[in-house]
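Novice: Have a look at this one before I ask anything.
Number of protein chains: 2
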Amino acid sequence: MNKYYTITELTREFGISTRTLRFYEDEGLIHPERRGRTRLFRSADRRLIMEILRGRRIGFTIAEIREIIQVYKDPPGEAGQLRLLMKRVEEKREELQQKRKDIEETLEELNNVEEACLTRLAEIGVGT
Amino acid sequence: MNKYYTITELTREFGISTRTLRFYEDEGLIHPERRGRTRLFRSADRRLIMEILRGRRIGFTIAEIREIIQVYKDPPGEAGQLRLLMKRVEEKREELQQKRKDIEETLEELNNVEEACLTRLAEIGVGT
DNA sequence: GAAAAGTTTGACTTTTACGTCAAAGTCAAT
DNA sequence: ATTGACTTTGACGTAAAAGTCAAACTTTTC
Chain A
1 MNKYYTITEL TREFGISTRT LRFYEDEGLI HPERRGRTRL FRSADRRLIM EILRGRRIGF
61 TIAEIREIIQ VYKDPPGEAG QLRLLMKRVE EKREELQQKR KDIEETLEEL NNVEEACLTR
121 LAEIGVGT
Chain B
1 MNKYYTITEL TREFGISTRT LRFYEDEGLI HPERRGRTRL FRSADRRLIM EILRGRRIGF
61 TIAEIREIIQ VYKDPPGEAG QLRLLMKRVE EKREELQQKR KDIEETLEEL NNVEEACLTR
121 LAEIGVGT
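Have a look at this one:
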């Protein structure tokens with residue numbers, strides 16, 4: 001075990017480009033090891049990339065993703081910082097709940113569109 | 001009734017800029033009336049803007065939003081077009097379901113972070 | 001009827017998140 | 001030892017979605 005992943009293995013697995021991974025490294029989101037100059041990704045890096053991509057799908061910016069990673073890396077110890085973090089968490093929660101609501105409404109509309117399509121198809125293509 | 005909204009009324013209501021609304025008009029998403037050169041928004045425009053902003057929050061591009069609006073404006077009548085539309089609907093559905101899952105996982109993590117904060121606060125700030 | 005407030009168009013700029021080369025280095029296999 | 005596949009750095013480019021600014025025009029208000 002304890003295998004290394006090459007950069008292209010990961011790009012293929014996740015459907016992203018090498019440029020994207022290099023960009024994430026430049027932005028300080030990941031820190032793959034090096035053998036010479038070549039990047040070597042461990043499974044921890046791989047998992048981190050999965051979380052980054054999840055954040056991306058949700059619509060988080062690079063800055064936000066970096067911030068989240070930071071919090072996990074070294075959580076704040078001081079009371080003021082903790083309270084600040086909780087405030088930010090609460091804000092994010094509201095944002096995500098709104099987004100979830102938006103998605104659910106849109107899924108509903110998609111259902112309506114689909115039904116309308118089926119109805120229309122049945123009307124015109126009777127027996128197609 | 002049948003009131004007109006000015007552009008700034010809407011920007012204030014939705015927390016967007018006039019530039020944004022002009023941009024949406026340039027992109028063909030909205031078509032407010034004119035009195036002279038001044039734009040006059042009706043409540044139908046206002047509702048449309050709400051839908052545009054919902055699409056934006058979800059992460060749809062302008063092109064996708066425009067496409068959705070188009071479908072509502074004049075739904076396809078031909079069978080091939082209808083089937084194509086249904087395929088696209090299915091793709092969007094999967095995309096949104098993935099996004100919803102991402103959001104739910106992230107909401108779970110936010111809960112964990114919050115709990116960790118509370119625990120830590122209790123530890124250090126006993127009686128604060 | 002003059003000032004203040006709001007609006008329009010047009011042009012240029014900015015930010016984010018990468019894409020696209022080019023040139024050079026590395027490594028495995030033939 | 002050379003071909004071919006892969007990788008790196010660096011520089012420049014790009015698309016989307018607005019932001020910013022200037023100059024002119026309108027409308028409202030005092």
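Going line by line, the protein sequences match chains A and B.
Residue numbering for the first sequence follows full-length UniProt numbering, starting at 1 and increasing by one per position.
Residue numbering for the second sequence follows full-length UniProt numbering, starting at 1 and increasing by one per position.
Virtual Cβ for every residue (Gly too), placed ideally from N, Cα, C.
1. Taking the runs of the alpha helix (DSSP H) that are 4 residues or longer, which of them lie wholly in the stretch 17-85 of chain A?
2. By alpha-carbon positions, which one of B:I124, B:T18, B:I62 ends up nearest to G80 (chain A)?
3. Is the Cβ-Cβ distance between I58 (chain B) and E27 (chain B) less than 8 Å?
4. Please confirm whether I69 (chain A) has its beta-carbon closer than 8 Å to some beta-carbon of chain B.
5. DSSP beta-bridge partners for Y4 (chain B)?
6. Using a Cβ-Cβ cutoff of 7 Å, what residues of the stretch 34-53 of chain A are near chain B? List them in chain order.
7. Looking at C-alpha atoms only, which residue of A:L110, A:E115, A:K92, A:F23 is the closest neighbour of E114 (chain B)?
8. So if I threshold CB-CB distances at 9 Å, which residues from the stretch 6-31 of chain B count as touching chain A?
9. What are the residues of the stretch 93-112 of chain A that lie near chain B, defined by any Cβ-Cβ distance shorter than 8 Å?
10. Nearest-angstrom Cα distance between L110 (chain A) and V89 (chain B)?
11. Report yes or no: is there a C-beta of chain B within less than 8 Å of the C-beta of R66 (chain A)?
12. Mind pulling the chain B residues with CB within less than 9 Å of G80 (chain A)?
13. Starting from the C-beta of Y24 (chain B), find all residues in its chain whose C-beta is less than 7 Å away, skip the five residues before and the five after it, and write them out in chain order.
14. Roughly how far, in whole angstroms, is the beta-carbon of I103 (chain A) from the beta-carbon of K99 (chain B), given that I think they are within contact range, below 8 Å?
15. Given that E91 (chain A) touches chain B, what residues does it touch there, using C-beta distances under 9 Å?
16. With burial defined as no fewer than 16 other Cβ atoms inside 10 Å of the residue's Cβ, what is the status of T18 (chain A): buried or exposed?
17. State the Cα-Cα distance for the pair Y72 (chain A) and I7 (chain B), rounded to the nearest angstrom.
18. What do you get for D45 (chain A), buried or exposed, if any count of 16 or more other CB atoms within 10 angstroms of its CB means buried?
19. Please confirm whether residue 129 (chain B) has its beta-carbon closer than 8 Å to some beta-carbon of chain A.
20. Taking only beta-carbon atoms, is I62 (chain B) less than 8 Å away from chain A?
21. Inspect the beta-carbon positions of P76 (chain A) and A116 (chain B) and report whether they are closer than 8 Å.
22. Could you tell me which of A:R35, A:L85, A:I49, A:Q97 sits nearest to E13 (chain A), measuring between CA atoms?
23. Since R56 (chain B) and E105 (chain A) should fall inside the 8 Å C-beta cutoff, what is the C-beta to C-beta distance between them, to a whole number of angstroms?
24. For the candidate residues A:E33, A:R34, A:R120, whose alpha-carbon lies nearest to that of E78 (chain B)?
Specialist: Reading from the atomic positions:
1. Annotation note: the stretch 17-85 of chain A contains the following uninterrupted alpha helix (DSSP H) runs of length 4 or greater, listed N- to C-terminal: 18-26, 43-58, 62-73.
2. Distance from the Cα of G80 (chain A) is smallest, within the candidate group B:I124, B:T18, B:I62, for B:I124.
3. Contact: no.
4. Judged by the 8 Å Cβ criterion, I69 (chain A) is not in contact with chain B.
5. Beta-bridge partners assigned by DSSP to Y4 (chain B): none are found.
6. Look at the stretch 34-53 of chain A: it has no residue with a C-beta under 7 Å from a C-beta of chain B.
7. When only C-alpha atoms are compared, the closest one is A:K92.
8. Across the stretch 6-31 of chain B, no CB contact with chain A closer than 9 Å is found for any residue.
9. Cβ contacts with chain B come from R93, L96, Q97, Q98, K99, R100, D102, I103, E104, E105, T106, L107, L110.
10. Distance between the alpha carbons of L110 (chain A) and V89 (chain B) is about 6 Å.
11. With a threshold of 8 Å between beta carbons, R66 (chain A) makes no contact with chain B.
12. Under the 9 Å cutoff, chain B gives no residues; its nearest Cβ is about 10 Å from G80 (chain A).
13. If you ignore the 5 residues before and after Y24 (chain B), its C-beta comes within less than 7 Å of the C-beta of I30, I52, all in its own chain and listed in chain order.
14. With a contact defined as Cβ atoms closer than 8 Å, I103 (chain A) and K99 (chain B) qualify at about 6 Å.
15. Within 9 Å Cβ-Cβ: nothing; E91 (chain A) doesn't reach chain B, min ~10 Å.
16. Per the 10 Å Cβ criterion, exposed.
17. Distance between the alpha carbons of Y72 (chain A) and I7 (chain B): 43 Å.
18. D45 (chain A) is buried by the Cβ-count criterion.
19. The requested residue 129 (chain B) is not part of the displayed model; chain B covers only 1 to 128.
20. Chain A, which has no Cβ nearer than 8 Å to the Cβ of I62 (chain B), makes this no.
21. Not in contact: P76 (chain A) and A116 (chain B) (Cβ atoms no closer than 8 Å).
22. Selected option, being the one with the closest Cα: A:I49.
23. The beta-carbon separation of R56 (chain B) and E105 (chain A), rounded to 14 Å, does not stay under the 8 Å limit for a contact.
24. Residue nearest to E78 (chain B) within the set A:E33, A:R34, A:R120 is A:R120 (criterion: CA-CA distance).
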